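Asks: Heads up: the sequence shown begins at 1 in this note's numbering, then just goes up one per residue.
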Amino acid sequence: IGMSALLTTTMPNMGRTIEAFIDADLRDDVRFMVGGAPVTPEFADDMGADLYGETAIECVEAAKQLVTANG
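#1: I'd like to confirm something about Ala-56: is its beta-carbon nearer than 7 angstroms to some heavy atom of the ligand HEM, or not?
#2: Classify Ile-22 as buried or exposed, calling it buried when 16 or more other Cβ atoms lie within 10 Å of its own Cβ.
#3: Alpha carbon to alpha carbon, how far is Val-34 from Ala-69?
#4: Verify whether the separation of the beta carbon atoms of Gly-36 and Ser-4 is less than 8 angstroms.
#5: So who's on the other strand from Val-34, going by DSSP bridges?
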């Protein structure tokens with residue numbers, strides 16, 4: 001699941017989305033990728049995202065690596 005934030009005010013919703021998957025016992029079934037102008041690698045780690053990309057190109061490359069690594 002890819003999520004992007006344009007404003008800092010929307011960033012907490014990324015973490016809430018991941019928490020909702022945890023609460024529904026679905027977290028292990030999906031991977032989360034986050035990015036966007038205000039998002040940092042530290043924020044991505046803190047919220048529990050699996051992947052972070054500073055740019056759309058980085059996100060695509062990270063997703064390709066994840067798919068390749070997991071067969």
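Glycine included, each C-beta is placed from N, C-alpha and C at the ideal position.
These numbers come from a predicted model, not from an experiment.
Replies: The structure says:
#1: The model depicted lacks the ligand HEM and carries no ligand whatsoever.
#2: Against the sequence shown, residue 22 aligns to sequence position 22. Looking at its Cβ environment, which holds fewer than 16 other Cβ atoms inside 10 Å, Ile-22 is exposed.
#3: Position 34 of the sequence shown, counted from the first residue, corresponds to residue 34. Position 69 of the sequence shown, counted from the first residue, corresponds to residue 69. Looking at the backbone, the Cα of Val-34 and that of Ala-69 are separated by about 19 angstroms.
#4: Here residue 36 is taken as the residue at index 36 of the sequence shown, counted from 1. Here residue 4 is taken as the residue at index 4 of the sequence shown, counted from 1. The answer is yes: Cβ separation under 8 angstroms.
#5: Locating residue 34 in the sequence shown gives position 34, where the first residue counts as 1. Answer by DSSP bridge pairing, in chain order: Met-3, Tyr-52.
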